[in-house]
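Note that the numbering used here has the sequence shown beginning at 78, numbered continuously upward.
Just below is one structure, and these are the notes that go with it.
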Amino acid sequence: MTPGTTVYLLERNGEVLGRMPLQSVEMFAIHCGFEPTPAFEPYRALFDEDAALADRMNDDDSSELMAQAEAVLDRILALNLLIRRVGGGVHRGAMISVEGDHASFRPLDLQEESL
78 MTPGTTVYLL ERNGEVLGRM PLQSVEMFAI HCGFEPTPAF EPYRALFDED
128 AALADRMNDD DSSELMAQAE AVLDRILALN LLIRRVGGGV HRGAMISVEG
178 DHASFRPLDL QEESL
(Lines of atoms letter the chains of each structure in order from A and count residues from 1; the text may use other names and numbers.)
(Lines give C-alpha, C1' and ligand atoms only; values in the text may rest on other atoms or scores of the structure.)
Protein backbone atom coordinates (compact mmCIF):
# COMPACT_ATOMS: atom_id res chain seq x y z
CA MET A 1 0.00 0.00 0.00
CA THR A 2 1.41 3.28 -1.10
CA PRO A 3 -0.17 6.71 -0.59
CA GLY A 4 -0.88 8.28 -3.94
CA THR A 5 -1.05 4.97 -5.82
CA THR A 6 -3.32 2.72 -3.74
CA VAL A 7 -7.02 3.30 -4.29
CA TYR A 8 -10.01 1.74 -2.55
CA LEU A 9 -13.60 1.65 -3.79
CA LEU A 10 -16.57 1.89 -1.44
CA GLU A 11 -19.28 -0.42 -2.76
CA ARG A 12 -22.78 -1.56 -1.91
CA ASN A 13 -24.47 -4.39 -3.78
CA GLY A 14 -21.92 -4.13 -6.59
CA GLU A 15 -22.43 -0.39 -7.06
CA VAL A 16 -19.49 1.97 -6.48
CA LEU A 17 -20.43 4.69 -3.97
CA GLY A 18 -17.05 6.37 -3.91
CA ARG A 19 -13.39 6.25 -4.79
CA MET A 20 -10.93 6.47 -1.88
CA PRO A 21 -7.28 7.23 -2.73
CA LEU A 22 -5.01 6.21 0.15
CA GLN A 23 -3.46 9.10 2.10
CA SER A 24 -1.99 7.46 5.22
CA VAL A 25 -2.12 4.38 7.42
CA GLU A 26 -2.11 4.26 11.22
CA MET A 27 -2.19 1.25 13.49
CA PHE A 28 -5.99 1.14 13.65
CA ALA A 29 -7.13 3.32 10.76
CA ILE A 30 -6.65 3.83 7.05
CA HIS A 31 -7.11 7.43 5.89
CA CYS A 32 -8.18 8.25 2.35
CA GLY A 33 -9.53 10.99 0.20
CA PHE A 34 -13.18 10.54 -0.75
CA GLU A 35 -14.57 11.08 -4.23
CA PRO A 36 -18.29 10.22 -4.14
CA THR A 37 -20.23 8.94 -7.11
CA PRO A 38 -23.89 9.92 -7.60
CA ALA A 39 -24.77 6.56 -5.99
CA PHE A 40 -23.46 7.88 -2.64
CA GLU A 41 -26.12 10.60 -2.36
CA PRO A 42 -28.80 8.45 -0.64
CA TYR A 43 -26.28 7.69 2.14
CA ARG A 44 -24.70 11.13 2.55
CA ALA A 45 -27.09 12.25 5.31
CA LEU A 46 -26.33 9.13 7.36
CA PHE A 47 -22.57 9.72 7.14
CA ASP A 48 -23.05 13.43 7.88
CA GLU A 49 -25.00 12.46 11.01
CA ASP A 50 -22.22 10.07 12.03
CA ALA A 51 -19.58 12.80 11.60
CA ALA A 52 -21.64 15.33 13.57
CA LEU A 53 -22.10 12.87 16.44
CA ALA A 54 -18.37 12.08 16.47
CA ASP A 55 -17.61 15.80 16.77
CA ARG A 56 -20.12 16.22 19.60
CA MET A 57 -18.64 13.25 21.46
CA ASN A 58 -15.34 15.15 21.78
CA ASP A 59 -17.05 17.40 24.35
CA ASP A 60 -19.91 15.23 25.61
CA ASP A 61 -19.48 11.70 26.96
CA SER A 62 -23.10 11.25 27.99
CA SER A 63 -24.70 7.85 27.65
CA GLU A 64 -27.51 9.37 25.57
CA LEU A 65 -25.09 10.68 22.95
CA MET A 66 -23.21 7.38 22.96
CA ALA A 67 -26.48 5.52 22.34
CA GLN A 68 -27.25 7.82 19.38
CA ALA A 69 -23.79 7.25 17.92
CA GLU A 70 -24.09 3.48 18.34
CA ALA A 71 -27.48 3.52 16.59
CA VAL A 72 -26.00 5.41 13.63
CA LEU A 73 -23.03 3.02 13.51
CA ASP A 74 -25.46 0.08 13.47
CA ARG A 75 -27.29 1.67 10.51
CA ILE A 76 -24.01 2.12 8.64
CA LEU A 77 -22.90 -1.46 9.35
CA ALA A 78 -26.33 -2.73 8.23
CA LEU A 79 -25.61 -1.32 4.76
CA ASN A 80 -23.11 -4.18 4.31
CA LEU A 81 -20.63 -1.91 2.60
CA LEU A 82 -17.63 -3.44 0.91
CA ILE A 83 -14.22 -1.78 0.60
CA ARG A 84 -12.31 -3.11 -2.38
CA ARG A 85 -8.69 -2.26 -3.14
CA VAL A 86 -8.20 -1.60 -6.84
CA GLY A 87 -5.95 -4.41 -8.03
CA GLY A 88 -7.08 -6.91 -5.39
CA GLY A 89 -8.08 -7.31 -1.79
CA VAL A 90 -11.37 -6.67 -0.07
CA HIS A 91 -12.79 -5.78 3.32
CA ARG A 92 -16.35 -7.01 3.81
CA GLY A 93 -16.61 -5.54 7.27
CA ALA A 94 -15.19 -2.20 8.30
CA MET A 95 -16.04 0.76 10.45
CA ILE A 96 -16.04 3.68 8.04
CA SER A 97 -16.52 7.41 8.38
CA VAL A 98 -16.89 9.95 5.61
CA GLU A 99 -16.49 13.68 6.22
CA GLY A 100 -16.61 15.80 3.10
CA ASP A 101 -13.72 14.78 0.87
CA HIS A 102 -12.06 12.54 3.48
CA ALA A 103 -12.81 8.97 4.55
CA SER A 104 -11.25 6.69 7.10
CA PHE A 105 -11.90 3.07 7.86
CA ARG A 106 -10.86 0.34 10.21
CA PRO A 107 -11.18 -3.23 8.96
CA LEU A 108 -13.03 -5.46 11.40
CA ASP A 109 -11.23 -8.57 10.08
CA LEU A 110 -7.56 -7.99 9.28
CA GLN A 111 -7.33 -11.49 7.78
CA GLU A 112 -9.29 -10.40 4.69
CA GLU A 113 -6.43 -8.37 3.22
CA SER A 114 -2.85 -7.96 4.26
CA LEU A 115 -2.31 -4.31 5.14
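For every residue, glycine included, the Cβ atom is placed at its ideal position computed from N, Cα and C.
Predicted model only: the values in this text are computed from it and were never measured.
Within the same chain, Ala128 come within 6 Å of Glu176 by CB-CB distance, once the 5 residues on both sides are set aside. Less than 9 Å separates the beta-carbon of Ala116 from that of Leu94. In summary, Pro184 is buried, with 16 or more beta-carbon neighbours lying within 10 Å of its beta-carbon over all protein chains present. The beta carbon of Asp178 is closer than 7 Å to those of Gly110, Phe111 in its chain, skipping five residues each way along the sequence. DSSP places Val93 in the uninterrupted beta strand (DSSP E) bounded by 92 to 102.
Residue burial annotation: Ser140 is exposed, with fewer than 16 other C-beta atoms found within 10 angstroms of its C-beta.
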